[in-house]
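Notes to accompany the following structure.
Put into structure tokens, the structure is as follows:
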């Protein structure tokens, strides 16, 4: 028999998976707790119990999409990032970060587009978009700091400027343009982004 904790976790997963699909297909305004409850096959009261507001539910959907699971472990505390920090070859650091970014963006970019679109008319979503933007800057800045520690940045390129370049090339908006409008696969995007970052950041 499943424990109450296990059943609760499975319920949350069903709610989050259903909400992600609805947010991406219907947008923020078009997604209701009743629709989420019906798709997750739970009562609407259950959705309210776990996520009191729609903005809180979307925030959790973004968090789970970013991390890939519901575990309370920050992205930069994951084993794969520790391995990246231990890498001594700057080209491999860039390639590894782009590869992991592609995995993450496949999950989270469509959801972040929902947050971005809702931000114009919803203060809560505007605050969420700002928070997500700061998190991306922090994550990319941490990788740039690894390159700086390896003395691998182009001469005269500051960490701030290098972070800005990384944020731009690996932005979820650009990722969606290349995937949806240009029809690229994620591996094609990864090859291009790794080349662009290596050229823009690393000393020749």
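In my numbering, the protein residues as written are 2 to 205. All C-beta atoms in this analysis are idealised placements derived from N, C-alpha and C, irrespective of residue type, glycine included. Computed from a prediction, not measured in an experiment: that's the story for all the values here.
Distance CB(residue i)-CB(residue j) smaller than 8 Å
{"i": "residue 24", "j": "residue 112", "result": "yes"}
{"i": "residue 41", "j": "residue 21", "result": "no"}
{"i": "residue 187", "j": "residue 103", "result": "yes"}
{"i": "residue 29", "j": "residue 118", "result": "yes"}
{"i": "residue 130", "j": "residue 116", "result": "yes"}
{"i": "residue 207", "j": "residue 37", "result": "Beyond the ends of the chain as shown, which are 2 and 205, falls residue 207; an answer cannot be given."}
{"i": "residue 120", "j": "residue 173", "result": "no"}
Paired residues, beta bridge with residue i - DSSP
{"i": "residue 154", "result": "203"}
Of the residues the options, the one placed nearest residue i, counting alpha carbons only
{"i": "residue 80", "options": "193, 159, 205, 101", "result": "101"}
{"i": "residue 163", "options": "173, 148, 175, 177", "result": "148"}
{"i": "residue 90", "options": "152, 62, 66, 10", "result": "152"}
{"i": "residue 78", "options": "195, 155, 10, 140", "result": "140"}
{"i": "residue 108", "options": "87, 66, 76", "result": "66"}
{"i": "residue 226", "options": "30, 55, 48, 28", "result": "Here the chain comprises residues numbered 2 to 205, so residue 226 is not present and cannot be evaluated."}
{"i": "residue 197", "options": "184, 92, 36", "result": "92"}
{"i": "residue 161", "options": "179, 183, 138, 181", "result": "138"}
{"i": "residue 88", "options": "56, 37, 150", "result": "150"}
{"i": "residue 56", "options": "105, 173, 17, 74", "result": "17"}
{"i": "residue 136", "options": "53, 5, 75", "result": "75"}
{"i": "residue 105", "options": "86, 62, 53", "result": "62"}
Integer Cβ distance of residue i from residue j, believed to fall under 8 Å
{"i": "residue 95", "j": "residue 202", "result": "7 Å"}
{"i": "residue 176", "j": "residue 190", "result": "6 Å"}
{"i": "residue 71", "j": "residue 13", "result": "7 Å"}
{"i": "residue 204", "j": "residue 155", "result": "5 Å"}
Would you call the region 123-130 in contact with the region 157-171, where contact means no fewer than 3 C-beta pairs closer than 8 Å? no
Would you call the region 135-153 and the region 81-94 in contact, with 3 or more CB pairs under 8 Å? yes
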